[in-house]
Structures are given as C-alpha cells and as structure tokens.
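Below: the structure, in structure tokens.
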Amino acid sequence: MKKIGFIGLGIMGKPMSKNLLKAGYELIVYDLNESSINELVQAGAEAGTSPKDVASKSEVIITMLPNSPHVKEVVLGTNGVVEGAKKGSIVIDMSSIAPLVSREVGSKLEEKGIRFMDAPVSGGEPKAIDGTLSIMVGAKEADFEECLPILKAMGASVVLCGDVGAGNVTKLANQIIVAVNIAAMSEALVLATKAGVEPERVYQAIRGGLAGSAVLDAKAPLVMDRKFDPGFRIDLHIKDLNNVLETGHGVGVPLPLSASVMEMMQALKVDGHGEKDHGSLVLFYEKLANIIVQK
Ligand code: NAD
Numbered sequence: 000m001k002k003i004g005f006i007g008l009g010i011m012g013k014p015m016s017k018n019l020l021k022a023g024y025e026l027i028v029y030d031l032n033e034s035s036i037n038e039l040v041q042a043g044a045e046a047g048t049s050p051k052d053v054a055s056k057s058e059v060i061i062t063m064l065p066n067s068p069h070v071k072e073v074v075l076g077t078n079g080v081v082e083g084a085k086k087g088s089i090v091i092d093m094s095s096i097a098p099l100v101s102r103e104v105g106s107k108l109e110e111k112g113i114r115f116m117d118a119p120v121s122g123g124e125p126k127a128i129d130g131t132l133s134i135m136v137g138a139k140e141a142d143f144e145e146c147l148p149i150l151k152a153m154g155a156s157v158v159l160c161g162d163v164g165a166g167n168v169t170k171l172a173n174q175i176i177v178a179v180n181i182a183a184m185s186e187a188l189v190l191a192t193k194a195g196v197e198p199e200r201v202y203q204a205i206r207g208g209l210a211g212s213a214v215l216d217a218k219a220p221l222v223m224d225r226k227f228d229p230g231f232r233i234d235l236h237i238k239d240l241n242n243v244l245e246t247g248h249g250v251g252v253p254l255p256l257s258a259s260v261m262e263m264m265q266a267l268k269v270d271g272h273g274e275k276d277h278g279s280l281v282l283f284y285e286k287l288a289n290i291i292v293q294k
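For the sequence shown, numbering that gives the first Met the number 0 assigns the number 0 to the initial residue and increments by one for each residue that follows.
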C-alpha cells in the first residue's frame with residue numbers, strides 16, 4: 000500500500016485522514032495547528048515538520064486546505080511539496096479552489112515530473128466522518144485509476160469529471176445549484192408565511208412534486224426549527240461564489256443568479272452571520288419582509 004502524506008487537518012481533513020488510517024494506509028501528516036497533528040499522531044499517524052518533509056516521505060500527497068492561495072503556498076511555496084516530492088509521485092488536492100489555479104499548480108508540478116489531480120468533495124463533516132463523501136475528480140484516467148482505492152476510503156461516490164481542473168469546475172456547478180436553491184426556498188417560505196400559510200404545510204405539500212429537492216429536504220426543516228449552526232458556513236460559500244464569479248468572468252459566462260445570492264451572503268456577513276450555516280440565507284429575506292419562518 001502506498002504511503003500517504005496529508006496536509007490540512009481541519010474540519011474535513013481530520014476525519015478524512017482518520018479514514019485513511021482505518022483503511023490501513025501509512026500516513027504522515029502536517030498542519031499549521033500543532034494540536035491537530037498531535038490528534039492524528041494519537042490515532043496512528045507520523046508527524047511531519049513541513050509540506051516539503053511530508054512530500055519527501057510519501058508517494059501520494061493529499062492537501063485539504065481552505066482556498067487557492069493556501070494550496071499555492073503549501074504546494075509551490077518555500078518548504079513546499081514541490082521541494083520534497085519525488086519524480087512520479089502524485090499530489091491530490093481535495094480543497095475547493097479556483098479551477099484555473101488547479102491547472103496552474105498541475106502544470107508547474109508536471110514540469111518537475113510530479114503528477115497532480117484535483118478532487119474536491121461535497122457532503123460536509125458528517126459524510127467526511129462516515130467516509131461517504133461525493134468526490135469530483137479532475138485527472139488523467141491512469142492517475143485516477145491508480146488513486147481510486149485511496150479516494151474510495153474517503154468517499155461513497157468518486158467520479159472522474161475530466162482532465163485536471165474538471166473536479167473544481169464540477170464543484171463550482173454544485174455550489175451554484177445549492178446556493179440558488181437555498182435562496183429560492185427562502186424566498187418561497189417567507190412569501191408563504193407572510194401570506195398566512197404555515198410553512199411546514201407548504202413544505203409537506205410541495206416536497207414530493209417538481210419543487211422538491213435534496214436542498215429543500217436538508218434545509219427547510221432546519222430553517223423552521225431555527226437551527227443555523229454549521230453545516231456549511233456562509234463564509235465558505237462566499238469563498239466558493241467568489242471562485243464561481245471569477246471563473247465565469249474568466250471564461251466569458253455571465254452569472255446573474257450567482258451574483259445576486261453572493262450579495263445576499265455579503266449582507267448576512269456584514270450582519271454578523273458569516274459563521275452560520277448557509278441555510279441562514281432565509282434571515283436576509285426575513286429582514287426584508289419583517290416576518291419569521293418557523294413551525
Ligand atoms: P478548515 O479551515 O477547517 O481546515 C483547513 C486546515 O488547513 C486548518 O486546519 C488550517 O490550519 C490548515 N492550513 C491552512 N493553511 C495551512 C498551511 N499553509 N499549511 C498547513 N496547514 C494549513 O476548512 P475545512 O472545513 O476542513 O475545509 C477544507 C476545504 O474543503 C475548503 O476548501 C472547503 O471549502 C472544502 N469543503 C468544506 C466542507 C465543510 O462542510 N466544511 C464541505 C465540502 C468542502
């Protein structure tokens with residue numbers, strides 16, 4: 000079995016790396032936060048001292064970091080993965096970042112004989128813990144096949160979407176659909192409530208029809224119970240919508256709905272809700288209409 004390096008032990012990276020240990024992989028880990036490294040050492044991993052150190056001791060290096068600048072710094076920066084990785088080794092970036100940056104990192108690594116794939120995930124912390132994430136991969140087919148057993152130790156669904164960058168393009172598509180769905184649900188439930196109909200009855204009446212969706216089933220009950228703990232934070236969705244808009248403008252695609260939801264999320268952030276779940280988009284509409292959606 001390949002020895003794996005894992006860099007970025009946050010909400011997602013911690014449970015994902017623990018699942019690799021459970022699957023029997025030898026693991027060397029690194030994070031800026033020493034207590035996260037110690038937690039993984041307790042679980043059976045080896046401690047690395049830098050991305051370079053981790054890369055020099057592994058055949059596969061996984062990164063799970065917040066955004067594009069962090070990935071560039073960890074992979075291409077001083078003491079970065081590129082300085083330690085052996086020729087033929089493979090870097091799998093599982094962070095949600097801008098696809099153009101995935102392609103840039105991939106081509107810089109390729110110049111050094113290091114392979115690269117982007118493999119962002121959806122599913123959040125509960126599915127990271129259960130090892131049932133959905134993983135969207137951008138890679139050469141042979142690299143994908145080689146790494147499939149590793150990815151399957153963390154995910155229930157692992158789909159090759161295309162060449163390097165395709166994983167993050169798919170993730171952006173996912174984030175548009177989720178954001179716009181939550182906004183539509185919020186607009187509809189605020190209207191129904193103010194027009195005098197109980198939102199729970201509206202939800203029960205429409206969930207089996209064309210308006211029903213995974214987003215509606217996941218978020219409407221939480222909204223009506225006033226549960227806004229994350230989940231997926233507004234701040235992270237803003238980060239993804241930034242990447243959506245930048246990518247759209249870069250390739251020449253106007254994105255009017257994404258831009259609107261982005262501004263709603265910006266308003267919520269200014270109001271101090273950035274740390275709340277993205278289901279709290281309803282708070283934006285509630286403030287406009289001066290009504291609360293609850294059971
Ligand atoms: P997080 O902020 O909890 O974790 C990021 C980790 O990276 C932290 O432990 C941080 O210390 C570490 N880090 C940052 N810079 C570093 C550096 N230079 N060197 C080493 N370590 C560094 O974030 P998360 O929630 O685990 O998310 C990670 C990625 O997964 C993000 O791109 C996010 O959008 C995506 N994602 C998150 C969720 C979710 O529900 N949380 C769901 C799907 C996808």
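Just so it is clear, CB atoms sit at the ideal spot from N, CA and C, and this is done for glycine as well. Predicted model only: the values in this text are computed from it and were never measured.
Any non-hydrogen atom of the ligand NAD within 7 Å of residue i CB
| i | result |
| --- | --- |
| E124 | yes |
| P14 | no |
| G23 | no |
| V73 | yes |
| G7 | yes |
| H69 | yes |
| F231 | yes |
| N173 | no |
| I27 | no |
| M261 | no |
| P65 | yes |
| V243 | no |
| M11 | yes |
Residue span of the beta strand (DSSP E) that contains residue i, given as start and end
| i | result |
| --- | --- |
| L159 | 154-161 |
| E285 | Here E285 belongs to no beta strand (DSSP E); instead the alpha helix (DSSP H) covers 280-288. |
| E25 | 25-29 |
Simplified DSSP assignment, three categories, for residue i
| i | result |
| --- | --- |
| F115 | strand |
| M135 | strand |
| E72 | helix |
| S88 | coil |
| V252 | coil |
| D270 | coil |
| R232 | strand |
| D239 | helix |
| E58 | coil |
| S212 | coil |
| V292 | coil |
| S35 | helix |
Nearest-angstrom Cβ-Cβ length linking residue i and residue j, presumed shorter than 8 Å
| i | j | result |
| --- | --- | --- |
| V163 | M93 | Not quite, the Cβ-Cβ distance comes to about 14 Å (not below 8 Å), so this is no contact. |
| I233 | H272 | 6 Å |
| M261 | L287 | Not confirmed; about 17 Å, so no contact. |
| V157 | L147 | 6 Å |
First and last residue of the uninterrupted alpha helix (DSSP H) at residue i
| i | result |
| --- | --- |
| V189 | 165-193 |
| I149 | 140-151 |
| I6 | First-last for I6: 2-6, but that is the beta strand (DSSP E), not the alpha helix (DSSP H). |
| V201 | 198-205 |
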